[in-house]
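Asks:
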Amino acid sequence: MADIQALAATVDDAARKATAIPQLSSHTTMNMNDAYAVQKASIGRRISRGEKRVGIKMGFTSRAKMVQMGLSDMIWGRLTSGMILEEGAPISISKYVHPRIEPEIAFLLKSELVGNVTSLQALAAVEAVAPAMELIDSRYEKFKFSLEDVVADNSSSSGFVTGAWHKPDFDFSNLGLVLSFNGKPMLIGSTAALLGHPLRSLVAAARFAAEAGEPLQPGWIVMAGGATAAEALAPDTFVEMEMQHLGRVAFSVKA
Ligand code: OOG
Ligand code: MG
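Below is the structure:
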């Protein structure tokens, strides 16, 4: 039997101290239910330190991400206020183990979205969409993990940044995007990489969240998942993502 609280403390401490840990699966037997229980308990530790729940992130919603990590099931994680990165501001790389960046699109919800919903119902719950980037930082050595490991580690979630919010009254199913480091294009893709249409990621998020007994709430942000493989961050980098119609979102990386 996995000791949920002890494992939650292990991943939470690794994140706080920015130190890599061995994969939990190297010393514990954990099924998917255990993994999500560890995730929930580790987020509970953040909440007890004063962080607020602000939404949910989806993982492995694009083929590029599945291929990069060698895993093929969709996963999700919980977003808290402590993960919000200030748009345009610097981050210190020393706060992270081995951070990577992903181009994503974010949804801001205006109403609850619960369980099995249609794309039309999902769209009706969206207040706005924004270009976004997720900073993932697996707490595991070598950024390697099983599906249970990564779920227990809150699906590698570490930070996220959003650009300007836009009304979702246009077709955002296939928006081109370019993520650049110091002006040099590093990742190129489209929102269509997300399950063919990013709304499908929101539909899946509504189902996962309801199954976990924490249905999507008004005011929450849903990160739809990386549209390309993730890229490792290094100091002295200005990171910017430009998305068709939605504009730019940026931050910089310092030592
Ligand atoms: C797991 C998190 C995946 C995404 O957008 O697909 C993810 C990882 O690759 O470390 O955030
Ligand atoms: Mg992501």
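Letter by letter, the sequence shown follows residues 24 to 278 in the working numbering.
Heads up, the beta-carbon is just placed ideally off N, CA and C, and yes, glycines get one too.
These numbers were taken from a predicted model, which means no experiment stands behind them.
Looking at chain D, is there any beta carbon in it that lies within less than 9 angstroms of the beta carbon of Leu102?
Replies: The structure shown has no chain D; it contains just one protein chain.
Asks: By how many angstroms is the C-alpha of Met264 removed from the C-alpha of Pro183?
Replies: As a first step, residue 183 must be located in the sequence shown, where it is residue number 160. As a first step, residue 264 must be located in the sequence shown, where it is residue number 241. Strictly speaking, residue 183 in this sequence is Phe, with Pro absent from that position. So the two alpha carbons sit approximately 13 angstroms from each other.
Asks: Please report the residue range of the alpha helix (DSSP H) in which Leu313 lies.
Replies: In the structure as shown, the chain begins at 24 and stops at 278. Residue 313 is therefore absent and cannot be evaluated.
Asks: Closer than 5 angstroms between the C-beta and any heavy atom of the ligand MG: which residues qualify, listed along the chain?
Replies: Counting every residue whose Cβ lies closer than 5 angstroms to a heavy atom of the ligand MG, we get Glu125, Glu157 and Gly249.
Asks: Report buried or exposed for Pro126, applying the criterion of at least 16 other Cβ atoms within 10 angstroms of its Cβ.
Replies: As a working mapping, residue 126 is identified with position 103 in the sequence shown. By the neighbour-count rule (16 or more Cβ atoms within 10 Å), Pro126 is buried.
Asks: Mapping DSSP to helix, strand and coil, what is Met55?
Replies: Taking the first residue of the sequence shown as 1, we reach residue 55 at position 32. Met55 falls in the helix class under three-state DSSP.
Asks: Taking only heavy atoms of the ligand OOG into account, decide whether any of them is closer than 8 angstroms to the Cβ of Met81.
Replies: What you label residue 81 is simply residue 58 of the sequence shown in a count that begins at 1. At least one heavy atom of the ligand OOG is nearer than 8 angstroms to the Cβ of Met81, so yes.
Asks: Tell me whether the beta-carbon of Pro241 lies closer than 9 angstroms to the beta-carbon of Ser134.
Replies: The residue you call residue 241 lines up with position 218 of the sequence shown. The residue you call residue 134 lines up with position 111 of the sequence shown. A contact, by the Cβ cut-off of 9 angstroms.
Asks: Would you call the stretch 197-215 and the stretch 162-177 in contact, with 3 or more CB pairs under 8 angstroms?
Replies: At 8 angstroms Cβ cutoff, the stretches do not touch.
Asks: Regarding Ser178 and the ligand OOG, is the C-beta to nearest heavy atom distance less than 8 angstroms?
Replies: Locating residue 178 in the sequence shown gives position 155, where the first residue counts as 1. True, at least one ligand heavy atom lies under 8 angstroms from that Cβ.
Asks: Among Leu239, Ile128 and Ser142, whose alpha-carbon lies nearest the alpha-carbon of Asn197?
Replies: The sequence position of residue 197 within the sequence shown is 174, counting from 1. When each option's Cα is compared against that of Asn197, the closest is Ile128.
Asks: Under the three-state reduction of DSSP, which class applies to Glu127: helix, strand or coil?
Replies: Looking up residue 127 in the sequence shown gives position 104. Of the three classes helix, strand and coil, the one that applies to Glu127 here is strand, per DSSP.
Asks: Is any heavy atom of the ligand OOG found at a distance shorter than 8 angstroms from the C-beta of Gln91?
Replies: By 1-based counting over the sequence shown, the position of residue 91 is 68. Flag set: Cβ of Gln91 near the ligand OOG.
Asks: Using C-beta distances below 6 angstroms, list every residue in its chain close to Trp243, excluding the 5 sequence neighbours before and after it, in chain order.
Replies: Here the question's residue 243 lines up with position 220 in the sequence shown. Within the same chain, Trp243 has close Cβ partners Gly78 and Leu132.
Asks: Taking 8 angstroms as the cut-off, is the C-beta of Glu164 nearer than that to any heavy atom in the ligand OOG?
Replies: On the sequence shown, position 141 is the one that residue 164 refers to. Glu164 Cβ: outside cutoff for every heavy atom of the ligand OOG.
Asks: Over the uninterrupted beta strand (DSSP E) stretch that includes Arg230, give me the two end residues.
Replies: Within the sequence shown, numbered from 1, the residue matching residue 230 stands at position 207. Careful: Arg230 lies outside any beta strand (DSSP E), inside the alpha helix (DSSP H) at Pro221 to Glu234.
Asks: Among the residues of its own chain, which have a CB less than 7 angstroms from the CB of Gly138, if the five just before and after it don't count?
Replies: Within the sequence shown, residue 138 is the residue found at index 115, counting from 1. Hits under 7 angstroms: Ala229, Arg230 and Ala233.
Asks: Have a look at Phe83, Pro122, Ala29 and Gln62 and flag the residue whose alpha-carbon is nearest the alpha-carbon of Thr42.
Replies: Within the sequence shown, the letter at position 19 stands for residue 42. Of Phe83, Pro122, Ala29 and Gln62, the residue nearest in Cα terms is Pro122.
Asks: Are there any heavy atoms of the ligand OOG lying less than 8 angstroms away from the beta-carbon of Lys40, as far as the coordinates show?
Replies: Taking the first residue of the sequence shown as 1, we reach residue 40 at position 17. Lys40 Cβ: outside cutoff for every heavy atom of the ligand OOG.
Asks: Return the Cβ separation of Trp99 and Ala153 in integer angstroms, given the expectation that the two are a contact with Cβ distance under 8 angstroms.
Replies: As a first step, residue 99 is located in the sequence shown; it is residue number 76 there, counting from the start. As a first step, residue 153 is located in the sequence shown; it is residue number 130 there, counting from the start. Contact flag wrong, Cβ pair sits at about 19 angstroms.
Asks: Which of the three DSSP states is assigned to Arg271 in this structure?
Replies: For the purposes of this step, residue 271 is taken as residue 248 along the sequence shown, with counting starting at 1. Reduced to three states, the DSSP call for Arg271 is strand.
Asks: What is the DSSP secondary structure of Ala175, reduced to helix, strand or coil?
Replies: Your numbering for residue 175 matches position 152 in the sequence shown. DSSP places Ala175 in helix when its eight states are reduced to three.
Asks: Could you check the C-alpha separation between Ala60 and Met53 for me, to the nearest Å?
Replies: Residue numbering aside, residue 60 sits at position 37 when the sequence shown is read from its first letter. Residue numbering aside, residue 53 sits at position 30 when the sequence shown is read from its first letter. Cα to Cα, Ala60 sits roughly 10 angstroms from Met53.
Asks: I'd like to know whether the C-beta atoms of Val272 and Ile114 end up nearer to each other than 9 angstroms.
Replies: Indexing the sequence shown from 1 puts residue 272 at position 249. Indexing the sequence shown from 1 puts residue 114 at position 91. No; because the gap between Cβ atoms is not below 9 angstroms, this pair is not in contact.
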